[in-house]
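A.B. asks: First the structure, which I've put down as structure tokens, then a few questions once you've had a look.
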Amino acid sequence: MVGSGGCFLSLLFTLAAASGPIADGEYDYIIVGGGTSGLTVANRLSENPNVNVIVIEAGASVLNNSNVTDVGGYGLAFGTAIDWQYESVNQIHGGNSSQVLRAGKALSGTSAINGMAYTRAEDVQIDAWQAIGNNGWTWENLLPYYLKAENLAIPAVSEVELGATYNPAYHSETGLLDVAFTKMVNSTLLSLLNGTFQSLGVPWSEDVNGGKMRGLSVYPSTVNYQEYVREDAARAYYWPYASRGNLHVLLNTFVNHIELDRTASKNNVTASGVQVTYQNGTVGTIKAKREVILSAGSLKSPGILELSGIGNRRVLEKYNVTVLVDLPTVGENLQDQVNTGLAGATAHKVTGHTAVVYANVQDIFGNETEAISTLVRKSLKDYASDTAKANGGVMSADDLEDLFRVQYDLIFKDEIPIAEILYYPGGGNSLVAQYWGLLPFSRGSVHIASSNPLTKPTINPNYFMLDWDNKLQIGIAKLIRRSYETYPLRNLVKVESSPGLKTIPQSASDVEWREWIVRNYRSNFHPVGTAAMMPREKGGVVSEQLIVYGTTNVRVVDASVLPFQVDGHLVSTLYAIAERAADFIKQTPDALIFTFLESFAIVYEQGWGFGILAQAWSVIPINTVYVIAYFTYFPWFRRDEAIRQAHGNDSLVPERRLKWLLFLTQLGPIGLSGFAWTSLGRAHNVRWIGSMIFSVCVGIANYAIYLSSVDCMVASYGVYSASATGGNAFALDLLAGISAMWATPMYSNIGNKYPTEYASTTLAGLSCLVVLPIYVFYWKGPQIRADSKFASTLAADRKANEGRRVSKVNAEPANRSSLSLHMSGFNTDWHHPLL
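The sequence shown maps to residues -18 to -1, 1 to 817 in mature numbering (1 follows the signal peptide of the UniProt record, and there is no 0).
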């Protein structure tokens, strides 16, 4: 779409995104920021045709901007109109100079100007989010969303032999985001690096995206391989869906603040819309029926909250902003990495693909690791005290020490990678090693600098405030120098050209290294943490559901919610978080339970005069029994596992997963029938507790159907289960959306005397139709699968491909069993660990 014909098409596409006032209208969801996260959420919410979504973006479309589309053009957009070009205050610990922080000002956000690297987080890093109080945020729960977003172009065998290795278990070919290995180059560079790092004790990593990242590897990128252009957020999540009548994008429009009020809740504020400045300079208001979702990025979202009256009272009152929610940690906890580089003069011109090394503390510090571990552990209290002093005490030293201890354990106990090094040809006879420490302890802040929303914020990352960050950056530089001096790379690199031994001799002290680094570093453009997802009492800004504390309907979905830095480049994790956030926002159960829950407000208001708060309490029994129902499965899980261990994995048919459901599913019709005739209300001298008891039965049945059906699908479809459960989820969402149209009319209009009772009885009858197929599939499932051509083909494909997915992207699927024997230019004496 970047050729001559593409210019015309891109013009048509761009016209689909408005540049001026659409009208000060009303939408279900307002998304502030059309970047990586914002467009992902917008796409998923607008899948429901009954929901209207608007994305408000300060920048313009870059669909046909060659500074964006060029796969090899990293940096071309820097300093142009599509770069926010934020500037920090002078860094007193980092050379007393200001640093530029790049961020995309365009539809697609920073995904339009970043380095396109698609590398995920380390698994225990995501698990750490749950450890600090974010229930449900684990690697196991986030991996399906990484997969939901991804559409990997499977590399050919020839590309795998050149280093494009991957593990299909950790990738998907069904997502919206095109991911691919960029064109591989036949060169000896990768094998030289592999031999060198094997000698240094760093292994080859088959796949950096499987939750374990340590090692040397080649990573995939966000690239549309067929057109060979950058795959930014708009190209993946917006342009193919721009024709949706319920998905609106407003370009070149600046959000001034969120409109908030307390009329709906005494304790929390509710967003009713946003005030904007349009491209022509006029100011207007766009209304939100349901939610306002901030996706403006780590350096922008906190300022919008502050200008809306949510933040640190001292900051807001300084600029005469009315305080609506005193949330002191808004804009705090800013974490950014610092980027430095070494270079070597080579014996000949260097060609080859960029390679990445993820190194852990042992790789960097070797025999010094234990001493450094002890020193850092003893310093944690001082780190916390210094950080609390720097932030004015809005996060207590005790809370900070708890967070630092989690990070310490990741570094020294879990020994996850703490350094990323990119080796690539520097042009001519040069090899560059660009690097950054992944887990700095220093914390900074970003806050408004004026009540004028067009004024850029005050940004202070506090680079190098804590000595660990210096020690880490120096240690990585020394590791790179060792790599230049180790065979076989030593045969290529004749002399270190930057900084060079004249500037930093072999005998140089850490003080000399530090002085060189603070003169030559830059931001790595990975700011996170400024609206951190943590418990409020620990310094959090948003809950585990990403809702801003003190509000009922304002969420933040962008890099600012990350409580810690992650090892991989941010973009992959942001897509996954946004995919999960969209599911939070949808919250669409199946049609029966949706309709049933819709009835609660009608039943308890009409029957017993419940107010809004009491109506909310009425669903507590259902939420409680979901947990109880889950634990009732444990004996069945243990029994099935015992059978598998005794008789093998094939001893249990998939339908076995439905056995406990045979008993629990009957509670659905029973509960709905009982609920119908115990909801007559006070006028018939019926107490509300009876309906609550029967609602518990419905809750148990609903959860059991969900858990057992998903479990059965995974057992039946194996590696295809993501597609199967995705199709199942689509069907449930479709039915739930349709049921939203009939629920209230049905409970208000069926019959003359007992409309709510007749409606629940009707649901009980419908639930019998849901229950019957469960028994059919339990008893006849094996026969149905045996008679199904699709099931037979699926089983044959799985067997022929050793349980792996069959690629439909490339007719030349890679056979992993042969990879280690066919890596072009790789000496097998280095024990290349590909299998």
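Each residue gets a CB set at the ideal place from its N, CA and C atoms; glycine is no exception. Note that the structure is predicted; figures quoted are calculated from it, not measured.
Can you give me the Cβ contacts of Ser677 inside the same chain, cut-off strictly under 7 Å, excluding the 5 residues immediately before and after it?
C.D. replies: So the list reads Pro603, Ile604, Gly653 and Phe657, once near-sequence residues are dropped.
A.B. asks: May I ask which residues mark the beginning and end of the beta strand (DSSP E) holding Gln416?
C.D. replies: Where Gln416 is concerned, the enclosing beta strand (DSSP E) stretches over Ser412 to Gly419.
A.B. asks: Relative to the C-alpha of Met447, which candidate in Gln317, Trp221 and Pro470 has its C-alpha closest?
C.D. replies: Closest by alpha carbon: Gln317.
A.B. asks: Over the uninterrupted alpha helix (DSSP H) stretch that includes Pro126, give me the two end residues.
C.D. replies: Trp121 to Ala131 is the span of the alpha helix (DSSP H), which, as asked, contains Pro126.
A.B. asks: Near Gly77, which residues of its chain fall below 7 Å by C-beta distance, leaving aside the five closest residues on each side in sequence?
C.D. replies: Contacts found: Val500 and Arg501.
A.B. asks: Please report how far the alpha carbon of Gly522 lies from the alpha carbon of Val35, in whole angstroms.
C.D. replies: Their backbone Cα atoms lie some 28 Å apart in a straight line.
A.B. asks: Are the Cβ atoms of Arg26 and Glu623 separated by less than 9 Å?
C.D. replies: No, the Cβ-Cβ distance between Arg26 and Glu623 is not below 9 Å.
A.B. asks: Taking only three categories from DSSP, how would you classify Thr267?
C.D. replies: Reduced to three states, the DSSP call for Thr267 is strand.
A.B. asks: Go through its chain and collect everything with a Cβ distance to Gln416's Cβ below 6 Å, but skip five positions before and after it.
C.D. replies: Excluding sequence neighbours, Gln416 sits near Gly323 and Leu404.
A.B. asks: Exposed or buried, Lys282, counting other C-beta atoms within 10 Å across all chains shown (16 or more means buried)?
C.D. replies: Result: buried.
A.B. asks: Helix, strand or coil for Val14 per DSSP?
C.D. replies: Correct three-state label for Val14: strand.
A.B. asks: Taking only three categories from DSSP, how would you classify Pro795?
C.D. replies: With a pLDDT of 40 at Pro795, under the threshold of 50, the predicted position of this residue should be treated as unreliable, though the coordinate-derived value follows. Correct three-state label for Pro795: coil.
A.B. asks: Which runs of the alpha helix (DSSP H) at least 4 residues long sit entirely within the stretch 45 to 71? Give them in chain order.
C.D. replies: The qualifying runs are 48 to 51.
A.B. asks: With H, G and I counted as helix, E and B as strand and the rest as coil, what does DSSP make of Val753?
C.D. replies: Three-state DSSP puts Val753 in a helix.
A.B. asks: In whole angstroms, what is the alpha-carbon distance linking Ser199 and Val50?
C.D. replies: Straight-line Cα distance between these residues: approximately 25 Å.
A.B. asks: When the Cα atoms are used, what is the spatial distance from Gly511 to Gly426?
C.D. replies: One C-alpha to the other measures close to 10 Å.
A.B. asks: State buried or exposed for His330, treating a residue as buried only when at least 16 other CB atoms are found within 10 Å of its CB.
C.D. replies: Under this definition His330 is an exposed residue.
A.B. asks: Does the Cβ of Gln488 have 16 or more other Cβ atoms within 10 Å, making it buried, or fewer, making it exposed?
C.D. replies: Gln488 comes out exposed.
A.B. asks: Output the distance between the C-alpha atoms of Ala353 and Gly118, rounded to the nearest integer angstrom.
C.D. replies: The alpha-carbon atoms of Ala353 and Gly118 are separated by roughly 35 Å.
A.B. asks: DSSP beta-bridge partners for Gly86?
C.D. replies: The partner list for Gly86 (beta bridge, DSSP) reads Asp65.
A.B. asks: Nearest CA to the CA of Asn72: which residue from Ser554, Thr440 and Gln112?
C.D. replies: Measuring from the Cα of Asn72, the nearest candidate turns out to be Thr440.
A.B. asks: Can you check which of these residues, Asp380, Asp160 and Lys460, is closest to Glu209 by C-alpha distance?
C.D. replies: The option with the nearest alpha carbon to Glu209 is Asp160.
A.B. asks: Could you work out which residue in Glu188, Glu299, Lys568 and Asp540 is closest to Val142 when comparing CA atoms only?
C.D. replies: The shortest C-alpha separation from Val142 is found at Glu188.
A.B. asks: With distances taken Cα to Cα, identify the nearest neighbour of Trp418 among Val668, Pro399, Lys363 and Leu276.
C.D. replies: That would be Pro399, whose Cα lies nearest to the Cα of Trp418.
A.B. asks: Below 8 Å, how does it come out for the stretch 131 to 140 and the stretch 530 to 539: are there three or more Cβ pairs, yes or no?
C.D. replies: These segments do not touch.
A.B. asks: Quick check: the Cα distance between Ser203 and Thr164, rounded to an integer number of angstroms?
C.D. replies: Cα to Cα, the separation comes out at about 7 Å.
A.B. asks: Under the assumption that Leu362 contacts Tyr390 (Cβ atoms under 8 Å), give the Cβ distance between them as a whole number of angstroms.
C.D. replies: 6 Å between Cβ atoms; contact.
A.B. asks: Please classify Leu174: does DSSP put it in a helix, a strand, or coil?
C.D. replies: Correct three-state label for Leu174: helix.
A.B. asks: Flag this pair as touching only if the stretch 168 to 179 and the stretch 209 to 218 have three or more C-beta atom pairs under 8 Å; answer yes or no.
C.D. replies: Flag = no, the stretch 168 to 179 and the stretch 209 to 218 do not touch.
A.B. asks: Could you pull out every residue in the same chain whose Cβ sits closer than 6 Å to the Cβ of Ser80, ignoring the five residues on either side in sequence?
C.D. replies: So the qualifying residues of the chain are Glu69, Ser70 and Asn72.
A.B. asks: Across the stretch 9 to 16 and the stretch 253 to 271, are there enough close Cβ pairs to call them in contact, namely three or more that are closer than 8 Å?
C.D. replies: Cβ pair count under 8 Å is three or more, so yes.
A.B. asks: Thinking just about the alpha-carbon of each residue, which of Gly192, Arg84 and Ala327 is nearest to the one in Phe60?
C.D. replies: Nearest C-alpha to Phe60: Arg84.
A.B. asks: Pick helix, strand or coil for Pro815, following the three-state DSSP scheme.
C.D. replies: Note on Pro815: pLDDT 29, under 50, position unreliable in the model; the coordinate value appears next. Note: Pro815 maps to coil in three-state DSSP.
A.B. asks: Quick one: residues in its chain with C-beta nearer than 6 Å to the C-beta of Gln112, no 5 flanking neighbours on either side, listed in chain order?
C.D. replies: Trp119 and Thr120.
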